[in-house]
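Asks:
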Ligand SMILES: Cc1ncc(COP(=O)(O)O)c(C=O)c1O
């Protein structure tokens with residue numbers, strides 16, 4: 001990553017501030033593919049190694065402090081190290097890690113979910129969001145006797161085979177490497193928000209078990225979905241007797257204590273959850289209609305005279321996750337945490353757009369709830385950041401983005417004390433403060449100027 005006049009100053013400053021992270025990255029590449037454990041953490045030339053977090057901040061091995069907008073990949077609505085959550089984990093730690101028996105905590109955890117999430121008549125715990133979406137699909141297929149899952153291009157549902165294509169590529173529905181053609185053959189990918197496309201897919205083969213959606217749009221609203229679209233999906237699926245699955249792994253307990261379904265009053269048949277549900281510990285869950293979850297129930301399946309879905313998982317409802325989850329969910333429902341995080345994110349979006357206007361950069365910051373997304377306007381159209389309408393975004397809107405500029409933007413923000421969620425934007429917690437917003441806006445301005453100095457900012461006009 002060099003500019004015309006030699007190495008980028010942004011990169012040189014990043015390297016100077018992160019010597020120990022670089023050493024660790026070099027060690028890591030000898031053991032871990034690309035030196036990382038999650039694709040989205042790939043940062044060029046290398047990412048920071050974190051050692052500690054507290055509330056809205058985190059620190060790296062070189063002693064640098066960051067305002068953290070990665071938010072534990074969305075798991076930390078209450079910020080790092082909430083004292084009540086820590087206390088719950090610590091108290092459970094003293095009782096044993098894994099007792100390989102039923103535990104009262106799992107009942108309490110399920111009760112919280114049942115009371116907060118409108119669709120969750122019954123709950124089954126998993127160890128991750130990926131496992132939750134996989135189980136939801138199996139439940140949909142078993143209970144409907146149909147094979148096809150309809151989902152939307154760019155919507156992310158984890159990494160198992162059935163959802164591994166059509167997210168960042170393979171939009172034509174072909175399987176990505178390592179995934180069987182037969183798996184892809186049982187999936188139909190529809191353009192985001194294309195409800196008539198969904199209806200056509202349902203009518204076509206009469207083999208659709210379920211439609212699955214990220215309820216506020218792909219990757220937490222990068223291509224937004226409106227409540228009207230959700231309502232229309234509910235209507236279409238109900239009309240044709242097809243199940244509707246909301247993937248609330250990110251939106252659950254964040255956009256409202258009852259997730260997107262609680263906020264918009266559109267109730268799916270099945271809901272997948274993870275992240276916040278387990279309070280920062282590993283964990284996930286599927287909630288949904290009793291008659292569907294009954295496919296996991298020994299007695300109900302026997303009484304109905306059909307085979308039961310088998311489902312195991314060594315760490316399902318792990319006691320530490322249950323302890324953290326119960327405490328987190330109770331804190332969320334007893335407080336304004338969701339609204340506070342959303343209000344801070346709104347202030348941040350407004351402030352970042354004002355900086356873009358002041359600096360004459362035709363990009364935009366958009367998003368809803370506690371998310372913000374950075375639109376870098378690859379087509380260089382005329383736009384006014386503070387008046388940007390994100391509902392116009394399509395998959396094509398992101399084509400041709402300047403990868404080099406985006407990689408530098410990420411580093412520039414790190415150099416200025418802000419850890420974004422990749423270069424795409426970030427997730428705000430209830431622990432973020434006005435001081436965090438102020439620091440971020442200053443970092444944003446400095447980063448844009450640094451990018452401009454290196455010739456990386458577009459020269460498009462603002463309307
Ligand atoms: C909407 C959505 N679904 C599913 C998943 C997968 O969850 P996990 O990473 O816990 O497997 C994610 C993860 O980011 C997600 O954002």
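In the numbering used here, the protein residues as written are 1 to 463.
Every residue, glycine too, gets a C-beta built ideally from N, C-alpha and C.
The model shown is predicted, which means the values in this text are computed figures rather than measured ones.
Below 8 angstroms on the Cβ atoms is my contact criterion, and I expect residue 190 with residue 198 to pass it. Report the Cβ-Cβ distance as a whole number of Å.
Replies: One-based indexing of the chain shown puts residue 190 at position 190. One-based indexing of the chain shown puts residue 198 at position 198. With a Cβ gap of about 5 angstroms, residue 190 and residue 198 count as contacting.
Asks: Please state if the CB of residue 146 and the CB of residue 208 are separated by a distance shorter than 8 angstroms.
Replies: Walking along the chain shown from the start, residue 208 turns up at place 208. Walking along the chain shown from the start, residue 146 turns up at place 146. Result yes, Cβ atoms of residue 208 and residue 146 sit closer than 8 angstroms.
Asks: Would you kindly report the start and end of the unbroken alpha helix (DSSP H) that includes residue 344?
Replies: Within the chain shown, the letter at position 344 stands for residue 344. Residues 337-359.
Asks: Is residue 163 helix, strand or coil by DSSP?
Replies: On the chain shown, residue 163 is found 163 positions in, with the first residue counted as 1. Residue 163: helix per DSSP, three-state reduction.
Asks: Could you tell me the boundaries of the alpha helix (DSSP H) in which residue 325 lies?
Replies: Here residue 325 is taken as the residue at index 325 of the chain shown, counted from 1. Where residue 325 is concerned, the enclosing alpha helix (DSSP H) stretches over 319-333.
Asks: Would you mind reading off the limits of the beta strand (DSSP E) that contains residue 65?
Replies: Position 65 of the chain shown, counting from 1, holds the residue named residue 65. 65-68 is the span of the beta strand (DSSP E), which, as asked, contains residue 65.
Asks: Taking the alpha-carbon of residue 102 as reference, which of 382, 423 and 314 has the nearest alpha-carbon?
Replies: Locating residue 102 in the chain shown gives position 102, where the first residue counts as 1. Closest by alpha carbon: 314.
Asks: From which residue to which residue does the alpha helix (DSSP H) around residue 60 run?
Replies: Taking the first residue of the chain shown as 1, we reach residue 60 at position 60. No alpha helix (DSSP H) holds residue 60; the beta strand (DSSP E) holding it covers 57-60.
Asks: May I have the straight-line CA-CA distance separating residue 388 from residue 330, to the nearest angstrom?
Replies: To locate residue 388, count along the chain shown from 1; it is residue 388. To locate residue 330, count along the chain shown from 1; it is residue 330. Cα to Cα, residue 388 sits roughly 37 angstroms from residue 330.
Asks: Quick one: residues in its chain with C-beta nearer than 8 angstroms to the C-beta of residue 378, no 5 flanking neighbours on either side, listed in chain order?
Replies: Taking the chain shown and counting its residues from 1, one reaches residue 378 at position 378. 397, 398, 399, 400, 401 and 402.
Asks: Under 8 angstroms: do the stretch 318-330 and the stretch 101-119 share three or more Cβ pairs, one atom per stretch?
Replies: As far as the Cβ criterion goes, the stretch 318-330 touches the stretch 101-119, which means the pair count is three or higher.
Asks: Please state whether DSSP places residue 152 in a helix, a strand or coil.
Replies: Against the chain shown, residue 152 aligns to sequence position 152. Here residue 152 sits in strand by DSSP.
Asks: Alpha carbon to alpha carbon, how far is residue 214 from residue 168? Give it in angstroms, no decimals.
Replies: Reading the chain shown from its first residue, position 168 is the one you call residue 168. Reading the chain shown from its first residue, position 214 is the one you call residue 214. So the alpha carbons of these two residues sit roughly 15 angstroms apart.
Asks: By how many angstroms is the C-alpha of residue 274 removed from the C-alpha of residue 252?
Replies: Translated into the one-based positions of the chain shown, residue 252 becomes position 252. Translated into the one-based positions of the chain shown, residue 274 becomes position 274. The straight-line gap from Cα to Cα measures roughly 8 angstroms.
Asks: Would you kindly work out how many angstroms separate the C-alpha atoms of residue 179 and residue 162, rounded to a whole number?
Replies: Position 179 of the chain shown, counted from the first residue, corresponds to residue 179. Position 162 of the chain shown, counted from the first residue, corresponds to residue 162. In a straight line, the C-alpha of residue 179 is about 8 angstroms away from that of residue 162.
Asks: Within its chain, find whatever has a CB closer than 7 angstroms to the CB of residue 233; leave out the 5 residues flanking it on each side and keep chain order.
Replies: Indexing the chain shown from 1 puts residue 233 at position 233. The residues are 195, 198, 211, 213 and 244.
Asks: By Cβ distance below 6 angstroms, which residues in the same chain neighbour residue 74 in space, the five residues on each side in sequence not counted?
Replies: For this step, residue 74 is matched to residue 74 along the chain shown. Excluding sequence neighbours, residue 74 sits near 250, 275 and 427.
Asks: How long is the line joining the alpha carbons of residue 30 and residue 166, rounded to whole angstroms?
Replies: For the purposes of this step, residue 30 is identified with residue 30 of the chain shown, where counting begins at 1. For the purposes of this step, residue 166 is identified with residue 166 of the chain shown, where counting begins at 1. Computed Cα separation, rounded: 31 angstroms.
Asks: Is any heavy atom of ligand 1 found at a distance shorter than 7 angstroms from the C-beta of residue 358?
Replies: Start at 1 with the first residue of the chain shown, and residue 358 comes out as number 358. Not so, every heavy atom of ligand 1 lies at least 7 angstroms from the Cβ.
Asks: Buried or exposed, going by whether 16 or more other CB atoms sit within 10 Å of the CB of residue 27?
Replies: Numbered from its first residue, the chain shown carries residue 27 at position 27. So residue 27 ends up on the exposed side.
Asks: Work out the CA separation of residue 292 and residue 49 for me, nearest whole Å.
Replies: Translated into positions along the chain shown, residue 49 becomes position 49. Translated into positions along the chain shown, residue 292 becomes position 292. Using only the alpha carbons, I get a separation of about 43 angstroms.
Asks: Answer with buried or exposed for residue 10, where buried requires no fewer than 16 other C-beta atoms within 10 angstroms of its C-beta.
Replies: Counted from its first residue, the chain shown places residue 10 at position 10. Burial call: buried.
Asks: Taking the straight line between their C-alpha atoms, what separation do you get for residue 184 and residue 309?
Replies: For this step, residue 184 is matched to residue 184 along the chain shown. For this step, residue 309 is matched to residue 309 along the chain shown. Residue 184 and residue 309: Cα-Cα distance of roughly 22 angstroms.
Asks: Which class does residue 381 belong to by DSSP, given the choice of helix, strand or coil?
Replies: Along the chain shown, one-based indexing puts residue 381 at 381. Residue 381 falls in the coil class under three-state DSSP.
Asks: Looking at the unbroken alpha helix (DSSP H) that takes in residue 436, where does it start and where does it end?
Replies: As a first step, residue 436 must be located in the chain shown, where it is residue number 436. Per DSSP, residue 436 belongs to the alpha helix (DSSP H) from 434-453.
Asks: Please confirm whether any heavy atom of ligand 1 lies closer than 7 angstroms to the CB of residue 489.
Replies: Only positions 1 to 463 of the chain appear in this structure, which leaves residue 489 out of reach.
Asks: Are three or more beta carbon pairs between the stretch 153-162 and the stretch 114-131 nearer than 8 angstroms?
Replies: Because the criterion of three Cβ pairs below 8 angstroms is met, the stretch 153-162 and the stretch 114-131 touch.
Asks: Under a three-way DSSP split, which group does residue 247 fall into?
Replies: Here residue 247 refers to the residue found at position 247 of the chain shown. Three-state DSSP puts residue 247 in a strand.
Asks: Give me every residue whose Cβ sits closer than 6 angstroms to any heavy atom of ligand 1, in chain order.
Replies: Spelled out in chain order, the answer is 73, 128, 129, 130, 133, 156, 157, 158, 214, 247, 249, 250, 274 and 284.
Asks: Counting along the chain, where does the beta strand (DSSP E) carrying residue 286 start and finish?
Replies: The count along the chain shown starts at 1 and reaches residue 286 at position 286. 284-288 is the extent of the beta strand (DSSP E) around residue 286.
Asks: Helix, strand or coil for residue 270? Go by DSSP, reduced to three states.
Replies: Position 270 of the chain shown, counted from the first residue, corresponds to residue 270. Here residue 270 sits in strand by DSSP.
Asks: Count the other CB atoms, across all protein chains shown, that sit within 10 Å of the CB of residue 261; report buried if there are 16 or more and exposed otherwise.
Replies: In the chain shown, counting from the first residue as 1, residue 261 sits at position 261. Looking at its Cβ environment, which holds 16 or more other Cβ atoms inside 10 Å, residue 261 is buried.
Asks: By DSSP, does residue 236 sit in helix, in strand, or in coil?
Replies: Looking up residue 236 in the chain shown gives position 236. Three-state DSSP puts residue 236 in a helix.
Asks: Checking the sheet assignment: what are the DSSP bridge partners for residue 469?
Replies: The structure shown does not extend to residue 469, since the chain is modelled only from 1 through 463, so no value can be given for it.
Asks: My understanding is that residue 53 touches residue 39, with C-beta atoms under 8 angstroms, so please give their C-beta distance in whole angstroms.
Replies: Taking the first residue of the chain shown as position 1, residue 53 is located at position 53. Taking the first residue of the chain shown as position 1, residue 39 is located at position 39. So it is not a contact: roughly 22 angstroms between Cβ atoms.
Asks: Which two residues bound the contiguous alpha helix (DSSP H) that contains residue 263?
Replies: Within the chain shown, numbered from 1, the residue matching residue 263 stands at position 263. From DSSP, the alpha helix (DSSP H) with residue 263 extends over 259-264.
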